[in-house]
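Below is one structure; the comments refer to it alone.
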Amino acid sequence: MALRLFNTLKREIEEIVVRDPDKRRVGMYCCGPTVYDYAHIGNYRTFVFADLVRRYLEFKGYAVNHVMNITDVEDKIIARVKSAGVTLRDYTAKYETAFLEDMATLRCVRPHHLPRATEHIPEIIELISRLLARGVAYQAPDGSVYFSIERYRGCGCRYGQLLNLDLDSLRPGERVSNDEYAKEAVADFALWKARVPEDGAVTWPSPWGEGRPGWHVECSAMSMKLLGPSFDLHLGGEDLIFPHHEDEIAQSEGADLQPAGEPFVRHWLHGAHLLVEGRKMSKSLGNYFTLRDLLAKGYAGREIRYLLLSAHYREAFNFTLENLIGARTALNRLDDCVTKLRELAGPVTASPDPTLIESIRTALDEDLNVSAAWAALFDWVRELNRQIAGQTLSAEPAAAAVAAWEAVDRIFAVGAPAGLEIPAEITALLEQRQAARKARDFPKADTLRDTLLAKGWAIEDTPKGPRLKPR
RNA sequence: GGCGGAGUAGCCAAGUGGUAAGGCAGGGGUCUGCAAAACCCUUAUGCGUCGGUUCGAUUCCGACCUCCGCCUCCA
């Protein structure tokens, strides 16, 4: 069965058809973080979405080449480097490392390539040179190099592929830096920014003088270098549709490196933003969370991941602390079921029960309908719990269920780690409680249960004796 | 103003031209020494509002209300 995803380019859900003649290899680029500070939970929604796409493609048998850029030169970074009095690399390294740690916490598979903009200045200069040679870029009196939308369109290229855009209505906004007054047209964007005094040591030589790359051009240069001038999937947050991705298309197709008739990117995927407690995240509202803020409140990476994956990627999602607690409870339900299945299966192994896998596949094939997938999963949990409670489940189907779950969890990556160690101290307390129960000293037994709970372990008494689980 | 998206139970969130998945929370029960976990029952005659089409609309069409995003470096 084929995977269908919404393509921003066509504004409709369509089957993913990859360029590889063998239909196995997929090139996938996702716009990564600007490493000027700790990333917030909204940023991570996009990256977890990208991780879901990658994992699902791999589940379907594709060999994914996953690229995510690290934007390590940009206005905010430069400003902070200056005020912190450190080098650019020292400054960005801290947040890049934090980002990679956060991604691991959220169980995102590390991309195959994490190119840094500052390490691709030659490729960027080469691309800009080509755009100048083709006549779609120009150097302005201020020394900066700009991309000309008008000249680009003059070549028969289309600007505004990702959205309906009335170019005449574009007007200089407050966010236009006043160092860009030299542009021929307001819609033109910088490829190379001539050095200004505020840049300090953040500058590189180029055929057009000292300066630094514009924002959009790094993604074009690095994606085409690592994935070729035409590739399959490009992902990012919805706010990047314009201007960033539109400009990426313009630069990349303006360079005319693609095979005849091939676009720069076949499928553009965009993740919606999230709200926190019903409002746009903002520091002044107190609803601005970095991943680290949530970890400090005691939530686990997989709980946050589950919540971020609980809603469709194209819908705005309301992230709330209440639902994060709900995510924990829901995962506990899942964990308990899988734990019981593992106990039932014991050493028995079996091939995965296809029922669960098929319903998950059906759901995700249709534009990643995660809600339908979770519904299928929890239906499956209920049915198995029913059989476990009725003692009608034998080892082999239990093992088949565990195998099915493990296959599904390679997509979702929210499962509890299997095989946890119980400290001797905890085991000793449990035995004391059992002795007290046997002696019918229930007050003592209950005190011991509370002690264990305080140490992070919950007891479940079963017909086969007590079980311990962390909580 | 332009373009785009959304309004479904206390909260989050699927879905369909034929009468509303799933998760969390709540209520009742079974089990248990008591719990926990699990299971069973239960919680929207209703899907922003008003019209229209239809045998029938939450699902199609129109208008309106509200919210959100983008409109130059923000995931």
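The first sequence stops at residue 470 when you use numbering that gives the first Met the number 0, and every number in between is there. All residues carry an ideal CB built from backbone N, CA and C; glycine is no exception. Values in this document were obtained by computation on a predicted structure and should not be read as measured data.
Review point. By a C-beta neighbour count over all protein chains shown, 10 Å radius and 16 as the cutoff for buried, is TRP456 buried or exposed?
Key: Taking the first residue of the first sequence as 1, we reach residue 456 at position 457. Its Cβ being crowded by 16 or more others within 10 Å, TRP456 is buried.
Exercise for review: Would you mind reading off the limits of the alpha helix (DSSP H) that contains LYS437?
Suggested key: The residue given as residue 437 occupies position 438 in the first sequence. From DSSP, the alpha helix (DSSP H) with LYS437 extends over 423–437.
Review point. Since LEU376 contacts ILE359 with CB under 8 Å, what's their CB separation in whole angstroms?
Key: By one-based count along the first sequence, residue 376 stands at place 377. By one-based count along the first sequence, residue 359 stands at place 360. By a beta-carbon distance limit of 8 Å, LEU376 contacts ILE359. Their separation comes to about 7 Å.
Check your understanding: THR91 to CYS336, Cα distance in whole Å?
Key -> The residue you call residue 91 lines up with position 92 of the first sequence. The residue you call residue 336 lines up with position 337 of the first sequence. Distance between the alpha carbons of THR91 and CYS336: 43 Å.
Review point. Does the distance from the CB of HIS65 to the CB of PRO121 come in under 7 Å?
Key: Along the first sequence, read from residue 1 onward, the residue named residue 65 stands at position 66. Along the first sequence, read from residue 1 onward, the residue named residue 121 stands at position 122. The answer is no: Cβ separation not under 7 Å.
Check your understanding: The beta strand (DSSP E) spanning CYS29 covers which residue range?
Key -> Taking the first residue of the first sequence as 1, we reach residue 29 at position 30. Per DSSP, CYS29 belongs to the beta strand (DSSP E) from 24–29.
**Study point:** Limits of the beta strand (DSSP E) - the one that THR461 falls within
**Key:** Your numbering for residue 461 matches position 462 in the first sequence. Its beta strand (DSSP E) spans residues 456–461.
Review point. In angstroms, rounded to a whole number, what distance separates the CA positions of LYS182 and ALA132?
Key: Here residue 182 corresponds to residue number 183 of the first sequence, with the count starting at 1. Here residue 132 corresponds to residue number 133 of the first sequence, with the count starting at 1. LYS182 and ALA132: Cα-Cα distance of roughly 18 Å.
Point to revise | Distance between beta carbons of TYR37 and ILE410, contact taken as under 8 Å | key: Here residue 410 corresponds to residue number 411 of the first sequence, with the count starting at 1. Here residue 37 corresponds to residue number 38 of the first sequence, with the count starting at 1. At roughly 27 Å, the Cβ-Cβ gap does not stay under 8 Å, so ILE410 and TYR37 are not in contact.
Exercise for review: Would you identify the three-state DSSP class for ILE15, choosing helix, strand or coil?
Suggested key: Reading the first sequence from its first residue, position 16 is the one you call residue 15. DSSP places ILE15 in coil when its eight states are reduced to three.
Practice item. Can you tell me which of the three DSSP states VAL175 falls into? Key: For this step, residue 175 is matched to residue 176 along the first sequence. Its pLDDT being 43, under 50, VAL175 is placed unreliably by the model, and the measurement read from it follows with that caveat. VAL175 sits in coil when the DSSP states are folded into three classes, being neither helix nor strand.
Review point. Based on the DSSP secondary-structure assignment, which residues constitute the bridge partners of ARG538?
Key: Because the chain in this structure spans residues 0 to 470, residue 538 falls outside the shown range and cannot be described.
Point to revise | Range of the contiguous alpha helix (DSSP H) that encloses PRO469 | key: Here residue 469 refers to the residue found at position 470 when the first sequence is read from its first residue. For PRO469, no alpha helix (DSSP H) segment is defined; the enclosing uninterrupted segment is the beta strand (DSSP E) at 464–469.
Practice item. Round the Cβ separation of LEU308 and VAL380 to the nearest angstrom and send it over; I've been treating them as touching at under 8 Å. Key: The count along the first sequence starts at 1 and reaches residue 308 at position 309. The count along the first sequence starts at 1 and reaches residue 380 at position 381. With a Cβ gap of about 16 Å, LEU308 and VAL380 do not count as contacting.
Review point. Taking all protein chains shown into account, do 16 or more other C-beta atoms lie within 10 angstroms of the C-beta of LYS339, making it buried, or fewer, making it exposed?
Key: Taking the first sequence and counting its residues from 1, the one referred to as residue 339 is at position 340. LYS339 is buried by the Cβ-count criterion.
Check your understanding: Is DSSP giving GLY270 helix, strand or coil here?
Key -> One-based indexing of the first sequence puts residue 270 at position 271. In the structure shown, GLY270 falls within a strand segment according to DSSP collapsed to helix, strand and coil.
Review point. What's the gap between the Cα of PRO32 and the Cα of LEU419?
Key: Translated into the one-based positions of the first sequence, residue 32 becomes position 33. Translated into the one-based positions of the first sequence, residue 419 becomes position 420. Whole-angstrom Cα-Cα distance: 34 Å.
Point to revise | Proximity below 7 Å, CB of GLU217 to CB of ALA78 | key: Taking the first residue of the first sequence as 1, we reach residue 217 at position 218. Taking the first residue of the first sequence as 1, we reach residue 78 at position 79. Contact: no.
Point to revise | Contact between the stretch 217–236 and the stretch 13–27 (3+ Cβ pairs under 8 Å) | key: Yes, the stretch 217–236 touches the stretch 13–27.
**Study point:** Residues near GLY172 in its chain [Cβ-Cβ closer than 6 Å; skip 5 each side]
**Key:** In the first sequence, residue 172 corresponds to position 173, counting from 1. Because GLY172 sits at a pLDDT of 43, beneath the cut-off of 50, its placement in the model cannot be relied upon, and the point is left open.
Practice item. Round the Cβ separation of LEU428 and LEU452 to the nearest angstrom and send it over; I've been treating them as touching at under 8 Å. Key: Against the first sequence, residue 428 aligns to sequence position 429. Against the first sequence, residue 452 aligns to sequence position 453. About 11 Å separates the beta carbons of LEU428 and LEU452, which is beyond the 8 Å limit, so they are not a contact pair.
Exercise for review: Give the secondary structure of ILE331 by DSSP, where H, G and I count as helix, E and B as strand, and everything else as coil.
Suggested key: Indexing the first sequence from 1 puts residue 331 at position 332. Per the sequence shown, the amino acid found at residue 331 is Asn instead of Ile. Shown here, ASN331 sits in a helix according to DSSP, grouped into three states.
Review point. So what's ALA38 in DSSP terms, helix, strand or just coil?
Key: Along the first sequence, read from residue 1 onward, the residue named residue 38 stands at position 39. Looking at ALA38 - three-state DSSP - the assignment turns out to be coil, as it is neither helix nor strand.
Check your understanding: Is VAL264 helix, strand or coil by DSSP?
Key -> Looking up residue 264 in the first sequence gives position 265. Correct three-state label for VAL264: strand.
Check your understanding: By DSSP, does GLY235 sit in helix, in strand, or in coil?
Key -> If you number the first sequence from 1, residue 235 lands on position 236. Correct three-state label for GLY235: strand.
Practice item. Leaving out five residues on either side along the sequence, give the residues of the same chain with a beta carbon under 6 Å from the beta carbon of GLU261. Key: Counted from its first residue, the first sequence places residue 261 at position 262. Taken in chain order, the residues that qualify are SER229.
Exercise for review: Measure the beta-carbon distance from GLY213 to THR202 and round it to whole angstroms, keeping in mind my assumption that it falls under 8 Å.
Suggested key: What you label residue 213 is simply residue 214 of the first sequence in a count that begins at 1. What you label residue 202 is simply residue 203 of the first sequence in a count that begins at 1. In fact, because the Cβ distance is near 14 Å, the residues do not count as touching under 8 Å.
Practice item. Within the same chain, show all residues whose beta-carbon is closer than 7 Å to that of ASN6, passing over the 5 residues directly before and after it, in chain order. Key: As a first step, residue 6 must be located in the first sequence, where it is residue number 7. For ASN6, where only same-chain residues beyond five positions count, the Cβ hits under 7 Å are GLU13, HIS266, TRP267.
Check your understanding: If ALA315 and HIS272 are in contact, beta carbons under 8 Å, what's the gap, nearest whole angstrom?
Key -> Along the first sequence, read from residue 1 onward, the residue named residue 315 stands at position 316. Along the first sequence, read from residue 1 onward, the residue named residue 272 stands at position 273. Yes, they are in contact, since the Cβ atoms of ALA315 and HIS272 sit about 6 Å apart, within 8 Å.
Review point. Is DSSP giving THR202 helix, strand or coil here?
Key: Start at 1 with the first residue of the first sequence, and residue 202 comes out as number 203. DSSP places THR202 in coil when its eight states are reduced to three.
Check your understanding: Can you list, in chain order, the residues of its chain whose CB lies under 7 Å from that of ALA403, leaving out five sequence neighbours each side?
Key -> By one-based count along the first sequence, residue 403 stands at place 404. Excluding residues within five positions, the ones whose Cβ falls inside 7 Å are PRO351, ASP352, LEU355, ILE356.
Check your understanding: Under a three-way DSSP split, which group does PHE5 fall into?
Key -> Mapped onto the first sequence, residue 5 falls at position 6. Taken through DSSP and simplified to helix, strand or coil, PHE5 comes out as strand.
Check your understanding: Taking the DSSP output, what are the residues bridged to HIS112?
Key -> Taking the first sequence and counting its residues from 1, one reaches residue 112 at position 113. HIS112 is bridged to VAL66.
Exercise for review: Could you have a look at LEU452 and say whether DSSP puts it in helix, strand or coil?
Suggested key: What you label residue 452 is simply residue 453 of the first sequence in a count that begins at 1. Reduced to three states, the DSSP call for LEU452 is helix.
Review point. Which partner residues of GLU365 appear in the DSSP bridge assignment?
Key: Your numbering for residue 365 matches position 366 in the first sequence. Paired residues: ARG3.
Point to revise | Contacting residues, own chain, Cβ-Cβ under 7 Å from LEU187 (five flanking each side not counted) | key: Start at 1 with the first residue of the first sequence, and residue 187 comes out as number 188. Per the sequence shown, residue 187 should be read as Asp rather than Leu. Excluding sequence neighbours, ASP187 sits near TYR145, PHE146, SER147, ILE148.
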